[in-house]
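Student: Residues in the sequence shown are numbered consecutively from 324, following the numbering used here. Attaching a single structure in structure tokens format; questions to follow.
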Amino acid sequence: METKKRVVHMTTVHHPYDPRIYHKQCKSLEKAGFDVTLIARRDPKGNDGDKTINHVLLKTYKSRLRRMIFGTYDAYKKASALNADIITFHDPELLPAAWLLKKQNHVVVYDIHEDYITSIMQKEYLNGQVKKIAVSGYKLLEKFFTKGMGLSLAEKYYEEMYPDGVWILNYPTVNEKFIEHDRTGKVENKVLYTGNVSHVRGARYHAKLPVIDSELSVHFVGKCPGDLAREMYEVAGEQKNKLHIEGIDSFVEKEVIEKRYLERNWLAGVALFPPTEHYKKKELTKFFEYMNAGIPVICSDFPVWKAFVERYECGIAVDPEDDEAIKEALDYLKNNPEEASKMGRNGKKAVKEELNWQTQEYKLIRWYNGLLNQELSSGTGEEV
324 METKKRVVHM TTVHHPYDPR IYHKQCKSLE KAGFDVTLIA RRDPKGNDGD KTINHVLLKT
384 YKSRLRRMIF GTYDAYKKAS ALNADIITFH DPELLPAAWL LKKQNHVVVY DIHEDYITSI
444 MQKEYLNGQV KKIAVSGYKL LEKFFTKGMG LSLAEKYYEE MYPDGVWILN YPTVNEKFIE
504 HDRTGKVENK VLYTGNVSHV RGARYHAKLP VIDSELSVHF VGKCPGDLAR EMYEVAGEQK
564 NKLHIEGIDS FVEKEVIEKR YLERNWLAGV ALFPPTEHYK KKELTKFFEY MNAGIPVICS
624 DFPVWKAFVE RYECGIAVDP EDDEAIKEAL DYLKNNPEEA SKMGRNGKKA VKEELNWQTQ
684 EYKLIRWYNG LLNQELSSGT GEEV
């Protein structure tokens, strides 16, 4: 009987049931016949997932520095003891641990979730010179530690920085409940925002929407720091009762978010972000999720985002600083229900046929099988 090949995923930063790590990669590899182990901290809520993925627990540290030092060492020791065929890590702070594991002749993959260079550059608590030094240092360390590793890219434009990387894009798992759900009946004056809430993800813009349109309420489903929630209520002022924030200081599970999509006949899914280098080239995961649910998208008019919604005819791109343009977009969807419904159908069709995790699952499994045969793929990610 052939022994299953063991794949280990490790993260010190992400939630153990992170959608990309757990629900997509781990489950896809398990379904394909791999023995999958996740090394991650415990879910703060004590949930055990579906218990089909072996979960090796890491200690939870309140201090970021202690986590980076002791958590990284703990992850290294636990991964080293598992005799894995492939080890995939998901956080830059694990680079030294991954390098040591590579030295032990493990096949190692770095799954790059973020554009960490622009992420550093937008840190408000660092001054300009410190940012430049930090970016230069990070580039050198990353180049040194990742030599000989496989690079998995969650976004197409990451290829600019990692030309040898492989696209394993962060498309959504097609939710058949969403596909089957028929958006009939009167559309409510309610818009939805899903995912983590932060300044750089447009928290203040979204909080201002009930001020722009007093008939509108905004529903946030995703982790939101308590101090930011208070700031958002202040931005909304007399309309603060129109803000509904689910996830204040608390991670919101994927299953809860999916349930919210189906509970109402939403006017739109919103993604009004301020212009930052970190986001303006991204194809946001929330776009795909709004589309999967058949909800029109209202987003910032960054060239990449505008081209995306126009290509798939699934929403409206507006200047996030232009209140009048935002109001016009909201009114257009209210006053043209047939066109709004068509945008929703177009989005569903695009996700079902093209923009879905199943297309990436196939590439991931084929690539990992190639790695096990010591055929490390190189080049761009359209073909693996």
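All C-beta atoms in this analysis are idealised placements derived from N, C-alpha and C, irrespective of residue type, glycine included.
Is lysine 672 helix, strand or coil when you go by DSSP?
Tutor: On the sequence shown, position 349 is the one that residue 672 refers to. DSSP places lysine 672 in helix when its eight states are reduced to three.
Student: Please state the DSSP three-state secondary structure of cysteine 637.
Tutor: One-based indexing of the sequence shown puts residue 637 at position 314. Of the three classes helix, strand and coil, the one that applies to cysteine 637 here is coil, per DSSP.
Student: Thinking C-alpha only, which one of Thr517, Ile502, Glu557 and Leu551 is nearest valine 534?
Tutor: What you label residue 534 is simply residue 211 of the sequence shown in a count that begins at 1. Looking at the Cα atoms, Glu557 is the closest of the given residues.
Student: Tell me which residue opens and which closes the alpha helix (DSSP H) that glutamate 651 is part of.
Tutor: Your numbering for residue 651 matches position 328 in the sequence shown. Start and end: 646-658.
Student: Would you report the Cα separation of valine 593 and lysine 327, rounded to the nearest angstrom?
Tutor: The sequence position of residue 593 within the sequence shown is 270, counting from 1. The sequence position of residue 327 within the sequence shown is 4, counting from 1. The straight-line gap from Cα to Cα measures roughly 43 Å.
Student: Pull up the distance between the alpha-carbon of aspartate 341 and that of threonine 360, whole angstroms please.
Tutor: Locating residue 341 in the sequence shown gives position 18, counting from the first residue. Locating residue 360 in the sequence shown gives position 37, counting from the first residue. In a straight line, the C-alpha of aspartate 341 is about 14 Å away from that of threonine 360.
Student: Flag this pair as yes or no: are the beta carbons of leucine 418 and tyrosine 433 separated by less than 9 Å?
Tutor: Start at 1 with the first residue of the sequence shown, and residue 418 comes out as number 95. Start at 1 with the first residue of the sequence shown, and residue 433 comes out as number 110. Yes.
Student: For isoleucine 502, which residues in the same chain have their Cβ closer than 7 Å to its Cβ, ignoring the five residues on either side in sequence?
Tutor: Your numbering for residue 502 matches position 179 in the sequence shown. The answer, listed in chain order, is Lys671 and Lys675.
Student: Name the DSSP beta bridge partners of leucine 381, please?
Tutor: By one-based count along the sequence shown, residue 381 stands at place 58. Beta-bridge pairing links leucine 381 to Arg364.
Student: My output table needs one value for tyrosine 485: the three-state DSSP class, helix, strand or coil.
Tutor: By one-based count along the sequence shown, residue 485 stands at place 162. Correct three-state label for tyrosine 485: coil.
Student: Which residue from Tyr613, Lys686, Leu476 and Gln681 puts its Cα closest to that of isoleucine 580?
Tutor: Stepping through the sequence shown from its first residue, residue 580 is reached at position 257. The option with the nearest alpha carbon to isoleucine 580 is Tyr613.
Student: With DSSP as the reference, please indicate the residues paired to tyrosine 433 in a beta bridge.
Tutor: Reading the sequence shown from its first residue, position 110 is the one you call residue 433. DSSP output for tyrosine 433 lists Phe412 and Leu474 as bridge partner(s).
Student: How would you write the range of the alpha helix (DSSP H) that leucine 595 sits in, first residue to last?
Tutor: Translated into the one-based positions of the sequence shown, residue 595 becomes position 272. Taken as a continuous stretch (DSSP letters only), leucine 595 belongs to no alpha helix (DSSP H), as it is neither H nor E.
Student: Just verifying my parser: in three-state terms, what is the DSSP assignment at histidine 567?
Tutor: As a first step, residue 567 is located in the sequence shown; it is residue number 244 there, counting from the start. Note: histidine 567 maps to strand in three-state DSSP.
Student: For lysine 500 and alanine 616, I'd like the C-alpha separation in whole angstroms.
Tutor: Here residue 500 refers to the residue found at position 177 of the sequence shown. Here residue 616 refers to the residue found at position 293 of the sequence shown. Cα to Cα, lysine 500 sits roughly 9 Å from alanine 616.
Student: Unbroken alpha helix (DSSP H) runs of length 4 or more, entirely within the stretch 493-568: which are they?
Tutor: Here the runs fully enclosed are 499-503, 526-530, 532-535 and 549-559.
Student: Which partner residues does tryptophan 490 have in the DSSP bridge list?
Tutor: As a first step, residue 490 is located in the sequence shown; it is residue number 167 there, counting from the start. Partner(s): Leu476.
Student: Who does aspartate 341 pair with in a DSSP beta bridge?
Tutor: To locate residue 341, count along the sequence shown from 1; it is residue 18. Per DSSP, none; premise fails for aspartate 341.
Student: Hey, could you find the ends of the beta strand (DSSP E) arginine 731 is sitting in?
Tutor: For the chain, the structure presents residues 324 to 707; residue 731 sits outside this window and is missing.
Student: Is the CB-CB distance between aspartate 366 and lysine 531 below 9 Å?
Tutor: As a working note, residue 366 is residue 43 in the sequence shown. As a working note, residue 531 is residue 208 in the sequence shown. No, they are not a contact pair.
Student: By how many angstroms is the C-alpha of serine 521 removed from the C-alpha of proline 548?
Tutor: Numbered from its first residue, the sequence shown carries residue 548 at position 225. Numbered from its first residue, the sequence shown carries residue 521 at position 198. One C-alpha to the other measures close to 8 Å.
Student: Judging by CA-CA distance, which residue of Gln562, Trp628, His504 and Met555 is the nearest neighbour of threonine 608?
Tutor: Within the sequence shown, numbered from 1, the residue matching residue 608 stands at position 285. With distances taken between Cα atoms, threonine 608 lies closest to Trp628.
Student: Please state if the CB of glutamine 681 and the CB of asparagine 493 are separated by a distance shorter than 9 Å.
Tutor: For the purposes of this step, residue 493 is identified with residue 170 of the sequence shown, where counting begins at 1. For the purposes of this step, residue 681 is identified with residue 358 of the sequence shown, where counting begins at 1. No. Outside cutoff.
Student: Among the candidates Thr441, Val541, Glu644 and Glu578, whose CA atom is the shortest distance from the CA of tyrosine 602?
Tutor: Here residue 602 refers to the residue found at position 279 when the sequence shown is read from its first residue. Out of Thr441, Val541, Glu644 and Glu578, Thr441 has the C-alpha closest to the C-alpha of tyrosine 602.
Student: Assign aspartate 536 to one of two classes, buried (16 or more other C-beta atoms within 10 Å of its C-beta) or exposed (fewer than that).
Tutor: One-based indexing of the sequence shown puts residue 536 at position 213. By the 10 Å Cβ count, aspartate 536 comes out buried.
Student: Expressed to the nearest angstrom, what Euclidean distance is found between the alpha-carbon atoms of cysteine 686 and isoleucine 491?
Tutor: Numbered from 1 along the sequence shown, position 363 holds the residue referred to as residue 686. Numbered from 1 along the sequence shown, position 168 holds the residue referred to as residue 491. Per the sequence presented here, residue 686 reads as lysine, with cysteine not at that position. Going from the Cα of lysine 686 to the Cα of isoleucine 491 covers about 7 Å.
Student: Tell me which residue opens and which closes the beta strand (DSSP E) that valine 620 is part of.
Tutor: If you number the sequence shown from 1, residue 620 lands on position 297. Unbroken beta strand (DSSP E) run through valine 620: 620-623.
Student: Answer with buried or exposed for glycine 369, where buried requires no fewer than 16 other C-beta atoms within 10 angstroms of its C-beta.
Tutor: Stepping through the sequence shown from its first residue, residue 369 is reached at position 46. Counting Cβ neighbours within 10 Å, glycine 369 comes out exposed, since fewer than 16 surround it.
Student: I'd like the span of the alpha helix (DSSP H) that includes leucine 417, first residue to last.
Tutor: Residue numbering aside, residue 417 sits at position 94 when the sequence shown is read from its first letter. Leucine 417 -> no alpha helix (DSSP H), and no H or E assigned at all.
Student: Have a look at Leu566, Thr335 and Arg329 and flag the residue whose alpha-carbon is nearest the alpha-carbon of lysine 354.
Tutor: By one-based count along the sequence shown, residue 354 stands at place 31. Out of Leu566, Thr335 and Arg329, Arg329 has the C-alpha closest to the C-alpha of lysine 354.
Student: Are the stretch 654-668 and the stretch 504-512 in contact at 8 Å, needing three or more beta carbon pairs?
Tutor: Enough Cβ pairs lie closer than 8 Å, so yes.
Student: Tell me, to the nearest whole angstrom, how far the beta carbon of alanine 398 is from that of threonine 469; I am working on the premise that it is less than 8 Å.
Tutor: What you label residue 398 is simply residue 75 of the sequence shown in a count that begins at 1. What you label residue 469 is simply residue 146 of the sequence shown in a count that begins at 1. Between threonine 469 and alanine 398 the Cβ distance is about 17 Å, and since that is not below 8 Å, they are no contact.
Student: Is aspartate 397 helix, strand or coil when you go by DSSP?
Tutor: The residue you call residue 397 lines up with position 74 of the sequence shown. Of the three classes helix, strand and coil, the one that applies to aspartate 397 here is helix, per DSSP.
Student: Helix, strand or coil, according to DSSP, for valine 632 in the structure here?
Tutor: Start at 1 with the first residue of the sequence shown, and residue 632 comes out as number 309. If DSSP states are grouped into helix, strand and coil, valine 632 belongs with the helices.
Student: Can you tell me which of the three DSSP states aspartate 575 falls into?
Tutor: Against the sequence shown, residue 575 aligns to sequence position 252. Checking the displayed sequence, the identity of residue 575 turns out to be valine instead of aspartate. It is coil, neither helix nor strand.
Student: Does DSSP put valine 627 in a helix, in a strand, or in coil?
Tutor: The residue you call residue 627 lines up with position 304 of the sequence shown. Three-state DSSP puts valine 627 in a helix.
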